[in-house]
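According to the numbering used here, the sequence shown is numbered sequentially starting from 76.
First the structure, in the form of structure tokens, and then the observations on it.
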Amino acid sequence: MRRPIKAVYPGSFDPITNGHIYIAERAAALFDELVVSVLLNPQKQSAFTVEERQAMAREALSHLPNVKISSFNGLLVDFLRQERSRIIIRGLRALSDFEYEFQLALMNRQLAPDIETLFIVTDAKYSYLSSSAVKEIFNFGGPVQEMVPPGVYRRLRERFPRPIQSQR
Ligand code: PNS
76 MRRPIKAVYP GSFDPITNGH IYIAERAAAL FDELVVSVLL NPQKQSAFTV EERQAMAREA
136 LSHLPNVKIS SFNGLLVDFL RQERSRIIIR GLRALSDFEY EFQLALMNRQ LAPDIETLFI
196 VTDAKYSYLS SSAVKEIFNF GGPVQEMVPP GVYRRLRERF PRPIQSQR
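What follows is the structure, given as structure tokens:
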């Protein structure tokens with residue numbers, strides 16, 4: 076029997092957006108198992124704790140039976156070895172992502188030549204979407220309901236309460 080093929084989709088997911096969900100859905104359709112793994116980086120300031128980010132991802136991806144949510148710290152390639160996976164999934168939105176993603180992929184290849192980074196292109200409607208844009212728009216009172224799953228929207232409202240009149 077062939078061994079199940081497992082891919083890892085890593086990221087900060089602070090918080091998970093509809094763009095991330097789109098990538099996870101497409102990756103989950105390609106592989107037997109997909110591990111969506113949230114980076115735990117004490118050096119990087121995040122709006123949500125790693126537990127909150129995992130909970131939001133778990134809720135948002137609960138319709139995908141072959142997706143598991145986890146977290147990692149340290150090197151991504153070490154996490155892949157621990158998970159016995161050789162595939163990193165990353166989403167690509169625009170050309171502006173490419174330079175950073177290219178560097179990340181080459182760095183990971185330098186560290187672990189047997190591990191492959193695969194890119195999934197986002198849907199055009201998510202090409203502008205990022206976690207930081209969602210947080211910024213929300214904090215300035217803008218509408219983000221169409222950009223994130225309901226659980227994230229609820230937690231944004233709990234985390235960043237704002238006057239009723241500016242809520243849209
Ligand atoms: O969602 P993000 O913030 O773009 O994800 C970036 C992530 C988590 C994939 C990247 O920062 C990462 O893999 N960090 C772990 C540390 C690591 O392995 N660094 C070596 C490659 S430069």
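Don't be surprised by glycine CBs; every beta carbon is placed ideally from N, CA and C.
Only counting the same chain, and skipping five residues up and downstream in sequence, which positions put a Cβ closer than 6 angstroms to that of leucine 114? Contacts found: Ser87.
Look at isoleucine 212 and valine 219 and say whether their C-beta atoms are less than 8 angstroms apart.
yes
Chain-ordered residues, beta carbon under 5 angstroms from a heavy atom of ligand 1:
Pro85, Gly86, Ser87, Leu114, Leu150, Leu151, Met182
First through last residue of the beta strand (DSSP E) which encompasses glutamate 108:
108-114
Query raised in the report: Of all Cβ atoms in chain B, is any one closer than 8 angstroms to the Cβ of glutamate 158?
Result: Looking at the structure shown, chain B is missing, and only one protein chain is on hand.
If you reduce the DSSP assignment to three classes, tell me which class glutamate 233 lands in. helix
Note to self: Report the CB separation of isoleucine 144 from leucine 150 in whole angstroms; it is logged as a contact under 8 angstroms.
What the structure shows: 20 angstroms between Cβ atoms; not a contact.
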